[in-house]
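If you're matching positions, the sequence shown starts at 36 in this note's numbering and goes up one per residue. Okay, so here's the structure we're looking at.
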Amino acid sequence: AFYQERAARYQEAADKESLLENKAIVIARLRSQEGRLCEVEMSPGGDLRLVDYHFPLVEVVKKYPLVEEIECEMIERVLGRPVGRTVEERSGLRRVIYLIG
């Protein structure tokens, strides 16, 4: 129910936009409101991506790794595009990158 409600909220907000980049910006704002410090960036290859600089569910993910897959699938469904997920960790800092195909 948690991710269904979140997906519905994301979908409702994203559906107000027509351009993929604007949909991503809306999702980034919602994710930032949830405490994720999310931004929309262009990858070095020119692809659009969402980047979470803070992941408040990190302890949940350690116990239930499936949460990572659910998050990615939710973003994929809302945007209607393939989304890949990678994690970068440096000096104890972690960022989660969702590459939008």
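Every residue gets a Cβ at the ideal spot worked out from N, C-alpha and C, and that includes glycine. Fair warning: this is a prediction, and the values are worked out from it, not measured in the lab.
Query	Result
Measuring CB atoms only, is the region 39 to 54 touching the region 83 to 92, in the sense that at least three cross pairs come out at less than 8 Å?	no
Given a threshold of 16 other Cβ atoms within 10 Å of its Cβ, counted over all protein chains shown, does E124 qualify as buried or as exposed?	exposed
Is N57 near the ligand PLP, judged by its Cβ being under 7 Å from some heavy atom?	Among the components modelled here there is no ligand, and therefore nothing to report on the ligand PLP.
Looking only at DSSP bridge pairs, what is C73 linked to?	D87
To the nearest whole angstrom, what separates the beta carbons of V86 and V95, a pair I think is in contact under 8 Å?	So it is not a contact: roughly 20 Å between Cβ atoms.
K97: buried (16+ other C-beta within 10 angstroms of its C-beta) or exposed?	exposed
Taking the Cβ atom as the reference point for each residue, do L83 and L65 lie within a distance shorter than 8 Å?	no
Can you name, in chain order, every residue of its own chain whose Cβ lies under 7 Å from the Cβ of R130, other than the five neighbours on each side?	V86, D87, Y88, E123
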